[in-house]
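*Asks:* Numbering (our numbering), first residue to last: 12 to 240.
Backbone N, C-alpha and C fix where the C-beta goes; we use that ideal spot for every residue, glycine too.
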């Protein structure tokens, strides 16, 4: 069996498994449980702090076969397919490589059609600040008049580059850099689960290099394991 990097193997699949970002999780869980969901969300913050992970969990919560819930079952076909990256009604778009207006128009056309197997079509647009001006203008149209069956989750490391017109149509959540002790605690949890011996001082050193990003911290941990600790 091929080795799976730690950040992917241990990606949270439930809100309860997320490290940090309690203010964001609390608000999203409340909106799901109360049934008051916005049509567009914007997650901002540095790399590796949970933006796309939160978006995927939110998509699962919206579409779980057991109903809209802040605690999706994790067992139905929808939950499993989201976890495995093959849920047909969750469309992930990397704006860094799909920057043009034609890409956004294709998204808009797709959004008009009803979901294939879920309750909602969820569009996750990562690094949304990379879109061109004309692409933003096209995106703005669907954010102004979104289909009832569509939700838009935008993620960016650079919100200052987003037009005010787009910002004003999204519910915004700013994700914080993780504290060193949060990153160390998660590293310790993973290493114990993987039955790998470790030294706390070494974890502290790795955390300094992570600079508040759990994904970067786990990447450094992967390297340390590869080099034999």
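Taking residue 54 as the reference, which of 200, 222, 167, 130 has the closest Cα?
*Replies:* What you label residue 54 is simply residue 43 of the chain shown in a count that begins at 1. The shortest C-alpha separation from residue 54 is found at 167.
*Asks:* Comparing alpha-carbon positions, which option in 146, 124, 39 lies nearest residue 109?
*Replies:* One-based indexing of the chain shown puts residue 109 at position 98. Comparing Cα positions, the closest option is 146.
*Asks:* Beta-carbon within less than 7 angstroms of residue 72's beta-carbon, same chain only, minus the 5 sequence neighbours each way: which residues are those?
*Replies:* The count along the chain shown starts at 1 and reaches residue 72 at position 61. Excluding positions up to five away in sequence, the list reads 43, 79, 80, 81, 83.
*Asks:* Pull the bridge partners of residue 133 from the DSSP assignment, please.
*Replies:* The residue labelled residue 133 in the question sits at position 122 within the chain shown. In DSSP, residue 133 forms a bridge with 101, 162.
*Asks:* Within a Cβ cutoff of 6 angstroms, which residues of the same chain sit near residue 221, ignoring the five residues on either side of it in sequence?
*Replies:* Indexing the chain shown from 1 puts residue 221 at position 210. 194, 227, 228.
*Asks:* Got a sec, what are the start and stop residues for the alpha helix (DSSP H) residue 215 sits in?
*Replies:* Here residue 215 refers to the residue found at position 204 of the chain shown. Counting along the chain, the alpha helix (DSSP H) containing residue 215 begins and ends at 211 to 221.
*Asks:* How big is the Cα-Cα spacing for residue 213 and residue 114?
*Replies:* Mapped onto the chain shown, residue 213 falls at position 202. Mapped onto the chain shown, residue 114 falls at position 103. So the two alpha carbons sit approximately 45 angstroms from each other.
*Asks:* Could you check the C-alpha separation between residue 177 and residue 106 for me, to the nearest Å?
*Replies:* For the purposes of this step, residue 177 is taken as the residue at position 166 of the chain shown. For the purposes of this step, residue 106 is taken as the residue at position 95 of the chain shown. Each residue's alpha carbon lies about 15 angstroms from the other.
*Asks:* If you pair each beta-carbon of the region 124 to 142 with each one of the region 28 to 39, do three or more pairs fall below 8 angstroms?
*Replies:* As far as the Cβ criterion goes, the region 124 to 142 does not touch the region 28 to 39, which means the pair count is below three.
*Asks:* Answer yes if the region 63 to 72 comes into contact with the region 89 to 102, meaning at least three C-beta pairs across the two stretches below 8 angstroms, and no otherwise.
*Replies:* Cβ pair count under 8 angstroms is three or more, so yes.
*Asks:* Which stretch, first to last residue, makes up the beta strand (DSSP E) that contains residue 80?
*Replies:* Stepping through the chain shown from its first residue, residue 80 is reached at position 69. No beta strand (DSSP E) contains residue 80, which DSSP labels as neither H nor E.
*Asks:* Would residue 63 and residue 223 be called neighbours here (beta carbons separated by less than 8 angstroms)?
*Replies:* Position 52 of the chain shown, counted from the start, is the residue given in the question as residue 63. Position 212 of the chain shown, counted from the start, is the residue given in the question as residue 223. No, they are not a contact pair.
*Asks:* Considering Cα atoms alone, identify which of 126, 173, 158 is closest to residue 148.
*Replies:* Here residue 148 refers to the residue found at position 137 when the chain shown is read from its first residue. Out of 126, 173, 158, 173 has the C-alpha closest to the C-alpha of residue 148.
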